[in-house]
Amino acid sequence: MCHIPADARQTGIYPVSLKNQPGCCSISDDDLCAWCSHLCYRPGELSLCRLFITDGIWPARSDADGYAQSCPSFHLNQTTHSDNIIADQPY
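This note's numbering applies: residue 22 is where the sequence shown begins, and numbers increase by one.
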């Protein structure tokens with residue numbers, strides 16, 4: 022996984038269950054995707070990359086164990102106010 026700067030934080034918890042949405046997958050809290058602002062993150066449930074909604078692909082490249090190791094669309098989550106994440110809901 023790429024280096025995560027000290028001022029970064031994991032993306033906030035997405036407020037709505039995504040279990041019936043296409044393209045969802047399980048994301049671990051130590052996965053690269055958990056640090057990306059494109060993620061609709063639901064710990065312990067299925068999560069969704071916002072880019073899947075618009076492009077129909079999950080852009081991360083995963084290792085043999087399923088952990089994202091790189092992503093050409095990775096956008097580090099450095100937002101300091103959690104309301105910014107909730108206001109950008111895809112559904």
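Backbone N, C-alpha and C define an ideal beta-carbon position, used for all residues, glycine too. These figures come from a predicted structure and were not determined experimentally.
{"Check": "Locate the beta strand (DSSP E) running through L69, then write down its first and last residues.", "Outcome": "67-70"}
{"Check": "Buried or exposed: where does R82 fall if 16 or more other Cβ atoms within 10 Å of its Cβ makes it buried?", "Outcome": "exposed"}
{"Check": "Tell me the DSSP secondary structure of I34 in three-state form.", "Outcome": "strand"}
{"Check": "Could you please give the first and the last residue of the uninterrupted beta strand (DSSP E) stretch that includes S94?", "Outcome": "S94 -> no beta strand (DSSP E), and no H or E assigned at all."}
{"Check": "My understanding is that C46 touches L67, with C-beta atoms under 8 Å, so please give their C-beta distance in whole angstroms.", "Outcome": "6 Å"}
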